[in-house]
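Throughout the sequence shown, residue numbering follows mature numbering (1 follows the signal peptide of the UniProt record, and there is no 0), covering -23 to -1, 1 to 314 in sequence.
For each residue, glycine too, the CB sits at the ideal point set by N, CA and C.
Nothing here was measured: the structure is a model prediction, and the numbers come from that model.
Here the structure comes first, spelled out in structure tokens, and everything after it is commentary.
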Amino acid sequence: MIAVRWKRAARAMLVLSALTALPSAGLTSSGRVALTFDDLPVFGKFESAADGAEVTDRLLAGMTRHRWKVTGFVNEVQLEAADRPQRIALLQQWLDAGMDLGNHTFSHLSLNTTPVDAYIADVARGELVTSPLLAAEGRRERWFRYPYLETGTTVAERATFEHWLRSRRYRVAPVTMENSDWQFSAPYDDAVERGDARGAAAIKRSYLAFTRRIVGWYRLAGRALFGRQPAFVFLLHASRLNAASLEGLAGILRAEGLRVVSLDAGMRDPAYRTPDRYVGRDGNEWLERWSSTLHRDLPFESIPEVPSAIAASDMRLEFKEDPRAVSPLGGDIPLTP
Ligand SMILES: [Zn+2]
């Protein structure tokens, strides 16, 4: 994904002047989007369950207000703390609010860098809490989301893993819309932590402005591939930033004519029967994967780019946190201080 982003950055340099003129507003509206939130219970800095409760409460209150049914993808490694019961209670809150939960591996591993047996073991470990929570309500854990969107570097690896997934009756949850929310998230958390309310508000404004443009771009890209607008599956993270931005996000989806539907409903769109034959290191989203299957180009010449100050700030903060850090969507990024 990161390599792709840099490729996109180079392209975006050429078309800066075109960015304000994305014609998305002119497209007719009858679109649908399924919302998915990764890295539950809480993405980003999460010192205690009490800290996480604030984010969870706010996210779920906003979704309930809008009657959204979304799917959250859990990394159960986050439950490994002294306040484990309270952390598990955060997941229960998602179910109580009518949301679905899926598996995002136990420890947020990449299939590109993990032997397939170890990867399978990690995914199996990632359902030990979530599956029983769902079962207690007569439900079943059915969705899997690849961390970093990295699906392995060989056909054999991916086939072995996805055969195992099917044997456990999981389906892969693809991604056909994303807004790089993870890059805005660390600078936002940092501003909040420093008590810099103006800085946090500016990052949120920048995030929503970028989201508006990238959602418009994905609508164009969907049409370029299918000649119509597919139902999208939107990747977001269970972050403090999104908790604070839910009204803004709802306004953007409304303005773009996108109605929120469940992941099940979105996935019934025949677009999701398009084969994905991508094999390689990039954690590409599925429109890009299908663009090679279908031999149709995506309109990369007009893709908006994350503001460079945000991207730089995110990298700086991640490096400060962990000099071996990886970005949530970009496993193989060579970080330099
Ligand atoms: Zn993730």
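Inset, instruction - Give a single yes or no on whether D16 has its beta carbon closer than 8 Å to a heavy atom of ligand 1. - result: Flag set: Cβ of D16 near ligand 1.
Inset, instruction - Could you say which of G79, E139, S216 and S108 lies nearest to Y96 if we only look at CA atoms? - result: Of all alpha-carbon atoms in G79, E139, S216 and S108, the one lying nearest the alpha-carbon of Y96 is that of E139.
Legend entry - Straight-line gap, M154 to R61 (C-alpha atoms, nearest Å): Rounded to the nearest whole angstrom, the CA to CA distance from M154 to R61 is 33 Å.
Inset, instruction - Output yes or no for whether 9 Å exceeds the beta carbon distance between A150 and V210. - result: For A150 and V210, yes; Cβs fall inside 9 Å.
Legend entry - Same chain, Cβ closer than 7 Å to W267, neighbours up to 5 away in sequence not counted: Excluding sequence neighbours, W267 sits near L202, T251 and D253.
Legend entry - Ordered list of beta strand (DSSP E) runs contained in the region 194 to 272, each at least 3 residues: If you keep only unbroken beta strand (DSSP E) runs of at least 3 residues inside the region 194 to 272, you get 209 to 214 and 235 to 238.
Legend entry - Backbone CA spacing between A179 and R293 [nearest angstrom]: Distance from the CA atom of A179 to the CA atom of R293, rounded to whole angstroms, is 18 Å.
Inset, instruction - Assess, as a yes-or-no matter, whether the region 216 to 235 is touched by the region 276 to 286 under the definition of 3 or more beta carbon pairs within less than 8 Å. - result: Below 8 Å, too few C-beta pairs join the region 276 to 286 and the region 216 to 235 to call them touching: fewer than three.
Legend entry - Local Cβ density within 10 Å of residue 319, reported as buried at 16 or more and exposed below that: Beyond the ends of the chain as shown, which are -23 and 314, falls residue 319; an answer cannot be given.
Legend entry - Within 9 Å, strictly: CB atoms of G103 and W71: No. Outside cutoff.
Inset, instruction - Enumerate in chain order the residues of its own chain whose CB-to-CB distance from S269 is below 8 Å, with the five nearest sequence positions on each side excluded. - result: If you ignore the 5 residues before and after S269, its C-beta comes within less than 8 Å of the C-beta of R254 and Y255, all in its own chain and listed in chain order.
Inset, instruction - Whole angstroms is fine: what's the gap from P247's alpha carbon to R205's? - result: In this structure, the alpha-carbon of P247 lies about 12 Å from that of R205.
Legend entry - Residues sharing a beta bridge with D77, DSSP: Note: D77 sits in a beta bridge opposite T48.
Legend entry - Bridge partner(s) assigned by DSSP for R9: Looking at the DSSP assignment, R9 forms a beta bridge with R236.
Inset, instruction - Examine the Cβ distances between the region 43 to 58 and the region 80 to 96 and report whether three or more of them are shorter than 8 Å. - result: With three or more CB-CB distances shorter than 8 Å, the region 43 to 58 counts as touching the region 80 to 96.
Inset, instruction - With hydrogens ignored, establish whether the beta-carbon of N80 is closer than 8 Å to any heavy atom of ligand 1. - result: Relative to ligand 1, the beta carbon of N80 is positioned no closer than 8 Å to any heavy atom.
Inset, instruction - With hydrogens ignored, establish whether the beta-carbon of R189 is closer than 8 Å to any heavy atom of ligand 1. - result: Using a cutoff of 8 Å, the CB of R189 does not count as near ligand 1, since none of the ligand's heavy atoms is closer than that.
Inset, instruction - Have a look at G225 and A133 and give me their C-alpha separation to the nearest angstrom. - result: When rounded, the separation of the alpha-carbon atoms in G225 and A133 is 43 Å.
Inset, instruction - Let me know the secondary structure DSSP gives D15 once reduced to three states. - result: Residue state, collapsed to three classes: strand.
Legend entry - Span separating the alpha-carbon of L271 from that of V93: If you take the alpha carbons of L271 and V93, they lie about 28 Å apart.
Legend entry - Identity of the residue in S162, E262, Y195 and E233 nearest A289 by Cα: Ranking the options by Cα distance to A289, first place goes to S162.
Legend entry - Inter-stretch contact at 8 Å, needing at least 3 Cβ pairs: the region 184 to 195 / the region 228 to 235: Yes, they touch.
Inset, instruction - Along the alpha helix (DSSP H) that carries H140, what are the first and last residues, could you check? - result: Per DSSP, H140 belongs to the alpha helix (DSSP H) from V132 to S144.
Inset, instruction - Look at L12 and L213 and say whether their C-beta atoms are less than 9 Å apart. - result: Going by C-beta atoms, L12 is nearer than 9 Å to L213.
Legend entry - R148 - DSSP class collapsed to helix/strand/coil: Three-state DSSP puts R148 in a strand.
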